[in-house]
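Some notes on the structure that comes next.
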Amino acid sequence: MDRCWAGATETHTAAVYFAGDRVFKVKKPVRLDFIDLTSLAARLAACQAEVRLNRRISPDVYLGVADIQLDGATMDHAVVMRRLPADASLTARILGDDLDLPAMVVAIADTLAAFHAGCPVVGAALPHETWTPVIELFREEIDRTLRLVRTSAAHAQLESLLALAERYADGRQALFAQRLNAGLVRDGHGDLQAADIYLQPDGPRILDCLEFDERLRVGDVLHDVAFLAMDLERLGRPELTRLLLERYAKTAAEAHPSTLAHFFISASQ
């Protein structure tokens, strides 16, 4: 357990409280572009979805949903989790230059391959309408960023990036269709980050599956892995990125051109 018995932090959608060996995540009553949590019913549904989706990959961490009550009345709800040591996160291990990092990345790749193998497939268990092509999500993100930047140089750079991505995507429609037909578009994680992966003696625990936007969670399995690959590059470890992609492809028996991995990594920025 961490040295500090109790603590708290927050995200844009939740307040997170640490107490002993438990974590309690309470959804904030906020309305954002991508989610509306202003009602008690919406917050309960979000808590239930978070537990249900994350139990697919880390069932022993996500313990359930608790009611927060006062004088017998339910005031709110909280996701209840098992607390993991902060120094066990992949980010902490990377910053500490742990010598076992290659073995850890191999274990993570194997865990992701097994996870994806059990995820619902678009065209089988999921309707095609649940899937949004990556280039469409990339366009939305670029458009959103363009509204925030102030200089013409930044605008030109972002528009150039989008043009390059669109050029690649336009020329790879057959490849995207092939991967969809092969069952490689699945309801996966959607937000793989090194800070949310904890290395334990019996294997990694992967947390914080994205529950509030199905469009970001349902996609090509390689795109899912590429999000973590991007994060490893951000942390200054490109050799771990290569190891992650190579090991995942081998374990999952998933073949792809290297340019596709580059495309997905760039679309995850």
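Its first residue numbered 1, the sequence shown is counted upward by one per residue in this note's numbering. All C-beta atoms in this analysis are idealised placements derived from N, C-alpha and C, irrespective of residue type, glycine included. Model, not experiment: these values are computed from the prediction.
Do residue i and residue j have their CB atoms nearer than 9 Å?
i    : j    : result
H292 : V149 : For the chain, the structure presents residues 1 to 269; residue 292 sits outside this window and is missing.
A193 : F227 : With the sequence shown as reference, residue 193 is identified as Gln, and Ala is not the correct amino acid for it. For Q193 and F227, yes; Cβs fall inside 9 Å.
K28  : E10  : yes
A66  : E211 : no
L222 : E254 : yes
L207 : S58  : yes
R205 : D60  : yes
L37  : V30  : yes
M75  : L63  : no
F264 : G188 : no
S266 : L158 : no
R144 : L260 : no
S258 : A229 : no
G118 : R52  : no
D224 : G203 : no
For residue i, which residues does DSSP report across the bridge?
i    : result
L126 : V122
K250 : Paired residue(s): none; K250 is not in a bridge.
T259 : The partner list for T259 (beta bridge, DSSP) is empty, contrary to what the question assumes.
A117 : Per DSSP, none; premise fails for A117.
I337 : Nothing in the structure corresponds to residue 337, since the chain is present only between 1 and 269.
V16  : T9, K25
Here's a check: name, in chain order, each residue in its chain whose Cβ is nearer than 7 Å to the Cβ of residue i, leaving out the five neighbours to either side.
i    : result
L164 : none
H155 : L146, V149
I35  : T13, F212
L232 : A194, L240, T241, L244
R167 : none
Return the chain-ordered list of same chain residues with a C-beta closer than 8 Å to the C-beta of residue i, the five sequence neighbours on each side being excluded.
i    : result
M1   : Reliability fails at M1, whose pLDDT of 49 lies under 50, so the model's placement of it is uncertain and no value is given.
C4   : F18
I68  : V26, T74, M75, D76, H77, A78
Q200 : L84, A88
Excluding five sequence neighbours on each side, which residues of the same chain lie with their C-beta closer than 6 Å to the C-beta of residue i?
i    : result
V15  : The question names Val, yet the displayed sequence has Ala at residue 15. Same-chain partners within the cutoff: V26.
A252 : A113
V121 : G183, R186
D196 : L207, D208
H262 : none
Y198 : L84, A88, S89, R205
Y142 : Here residue 142 turns out to be Ile, not Tyr, going by the sequence shown. These residues qualify, in order along the chain: L158, L162.
N54  : Y62, C209
K250 : none
Decide yes or no for the touch test of the region 103-112 against the region 210-219: beta carbon pairs closer than 8 Å, at least 3 of them. no
Inspect the CB distances between the region 134-151 and the region 162-177 and report whether three or more fall short of 8 Å. yes
What ranges does the beta strand (DSSP E) occupy inside the region 37-92, keeping only unbroken runs of at least 3 residues that lie completely in it? 62-70, 73-82
Specify whether the region 178-187 and the region 123-132 touch according to this definition: at least 3 beta carbon pairs, one from each stretch, less than 8 Å apart. yes
What are the complete alpha helix (DSSP H) segments, minimum 4 residues, inside the region 165-230? 173-181, 214-217
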